[in-house]
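Counting in numbering that gives the first Met the number 0, the sequence shown runs from 0 upward without gaps. Ideal placement from N, C-alpha and C gives every residue a C-beta, glycine not left out. Below is one structure, written out as structure tokens, with a few remarks after it.
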Amino acid sequence: MRLENLHNCCGNRQEESTKQFSTKIQIPKIYRKPSLFAPKKYNNSVPNVKRNREAPSQNEDSANYLKNQLKMHQNILDLEKRLGTSIVQKNGQRKLGPPPNWVGPPPGPGCEIFVGKLPRDIYEDAIYPLFSRVGKIYEVRLMMNFSGTNRGFCFIMYETQEAAQRAVRELNNYEIIPNWFIGVVISVNNCRLHITDLPQTVSAKKLVQKIWPVCEDIDRIYVFQSIYNPLTRHALIEFNTHRSAAMARRQLLPERSKFFDRNEVKIEWAHPKMIIGNVVSDYQTNFVPKKV
Numbered sequence: 000m001r002l003e004n005l006h007n008c009c010g011n012r013q014e015e016s017t018k019q020f021s022t023k024i025q026i027p028k029i030y031r032k033p034s035l036f037a038p039k040k041y042n043n044s045v046p047n048v049k050r051n052r053e054a055p056s057q058n059e060d061s062a063n064y065l066k067n068q069l070k071m072h073q074n075i076l077d078l079e080k081r082l083g084t085s086i087v088q089k090n091g092q093r094k095l096g097p098p099p100n101w102v103g104p105p106p107g108p109g110c111e112i113f114v115g116k117l118p119r120d121i122y123e124d125a126i127y128p129l130f131s132r133v134g135k136i137y138e139v140r141l142m143m144n145f146s147g148t149n150r151g152f153c154f155i156m157y158e159t160q161e162a163a164q165r166a167v168r169e170l171n172n173y174e175i176i177p178n179w180f181i182g183v184v185i186s187v188n189n190c191r192l193h194i195t196d197l198p199q200t201v202s203a204k205k206l207v208q209k210i211w212p213v214c215e216d217i218d219r220i221y222v223f224q225s226i227y228n229p230l231t232r233h234a235l236i237e238f239n240t241h242r243s244a245a246m247a248r249r250q251l252l253p254e255r256s257k258f259f260d261r262n263e264v265k266i267e268w269a270h271p272k273m274i275i276g277n278v279v280s281d282y283q284t285n286f287v288p289k290k291v
């Protein structure tokens, strides 16, 4: 009897506990996990229809892209034929010009503009007609990537300063394609490069001999003592034109660790108002130096 009473008591307590548990945490039907064996419904028609719709659009995009590329190349050929000149690509830029009948030196300072924020798929066939509206163009230099797209900017040199200033007034913030505005400013005529972290034993003449194989049109070089570190020297290189300085910087940057052993020099644009002191040596390049 005692065992039966004990079993009955335990059974009653278990039933009460399960009732309490079930009443406290009842899971609503919408949150219940579906059975693993419940039949699943698939709509096979939707993916097939989507794929069938996407395939023609991709083919159409490819066809339009090839069509636009062919049209662009044909427009560039027509532009070269009309101007009587050709586009030459060298050192990461495409150059159109100068005019075949040009006589004398290139236009002076203040005749070149910088055009930024260009769409990457815009080329000379669209750039030249737009900017030739404001004046006669001497040269267009479009910066290029290895992939064939432009780098988003170019330089345009006009025959006169008045044409360059008019281009800035009329074409700055111009909407070249829908919702795409370009920036146009006068190109900074900086003809000087500043080289730092040179070895203490370097001289101006030795520096000319080192860098001459990769750049040209150097006018004068100054080597001066660093104010902050007397064990290093700096150099100020003056070029005859801004273009020569820009091309020299482009050529020197990849070679900056090869000029002098254990020295990786830094090459930057010199500040327009930079004044140097503590000049150790200077050299004016009135002849082509021999390689060392």
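By a C-beta neighbour count over all protein chains shown, 10 Å radius and 16 as the cutoff for buried, is residue i buried or exposed?
| i | result |
| --- | --- |
| H233 | buried |
| N228 | exposed |
| Y64 | exposed |
| N277 | exposed |
| V45 | Legend: pLDDT at V45 = 41, less than 50; position of this residue unreliable, value from coordinates given subsequently. Classification for V45: exposed. |
| V201 | buried |
| K209 | buried |
| F238 | buried |
| G134 | buried |
| P106 | buried |
| V184 | exposed |
| A62 | exposed |
| M273 | exposed |
| T284 | buried |
| L256 | Reading off the sequence, residue 256 comes out as Ser, not Leu. Exposed is the call here. |
| K205 | buried |
| I121 | buried |
| I226 | exposed |
| V264 | buried |
| E258 | For the record, residue 258 in the displayed sequence is Phe; it is not Glu. So F258 counts as buried. |
For residue i, does the three-state DSSP call read helix, strand or coil?
| i | result |
| --- | --- |
| S256 | coil |
| W211 | helix |
| A234 | strand |
| H270 | coil |
| D196 | strand |
| D77 | helix |
| E263 | coil |
| K40 | Residue confidence for K40 is low, a pLDDT of 48 falling below 50, so the modelled location carries little weight; the figure read from the coordinates is stated next. It is coil, neither helix nor strand. |
| V293 | The question about residue 293 has no answer, for the chain in this structure spans 0 to 291. |
| V167 | helix |
| I275 | coil |
| T22 | The predicted position of T22 is uncertain, since its pLDDT is 48 and thus under 50; no value can be drawn from it. |
| R31 | Below a pLDDT of 50, predicted positions are generally treated as unreliable, and R31, at 47, falls in that range; no measurement from the model is reported. |
List the whole-angstrom C-beta distance separating residue i from residue j, where the pair is believed to meet the contact cut-off of C-beta under 8 Å.
| i | j | result |
| --- | --- | --- |
| G91 | E138 | Actually they are not in contact, since the Cβ atoms of G91 and E138 sit about 16 Å apart, beyond 8 Å. |
| R191 | I155 | R191 to I155, Cβ: 23 Å. No contact. |
| E111 | I75 | About 22 Å; that fails the 8 Å criterion. |
| H270 | N188 | Actually they are not in contact, since the Cβ atoms of H270 and N188 sit about 14 Å apart, beyond 8 Å. |
| F152 | G115 | 5 Å |
| N144 | L117 | That belief does not hold up - the Cβ atoms of N144 and L117 are roughly 12 Å apart, past 8 Å. |
| L78 | Y127 | 6 Å |
| V207 | I217 | 7 Å |
| I220 | Y173 | Rounded, the Cβ-Cβ distance is 41 Å, inconsistent with contact. |
| A203 | V222 | 5 Å |
| T159 | Q199 | Rounded, the Cβ-Cβ distance is 47 Å, inconsistent with contact. |
| V213 | L251 | 6 Å |
Which residues does DSSP pair with residue i in a beta bridge?
| i | result |
| --- | --- |
| E111 | M156 |
| L141 | R93 and C153 |
| G182 | G115 |
| I86 | L95 |
Which residue marks the beginning of the alpha helix (DSSP H) containing residue i, and which one marks its end?
| i | result |
| --- | --- |
| I126 | E123 to F130 |
| S243 | H241 to L251 |
For the beta strand (DSSP E) that residue i lies in, which residues bound it at each end?
| i | result |
| --- | --- |
| S280 | V278 to Q283 |
| Q92 | Q92 to L95 |
| R219 | I217 to Q224 |
| I176 | E174 to I176 |
Within 8 Å (strictly less), CB to CB, does residue i reach chain B?
| i | result |
| --- | --- |
| G182 | Considering every chain present, this structure includes no chain B. It has just one protein chain. |
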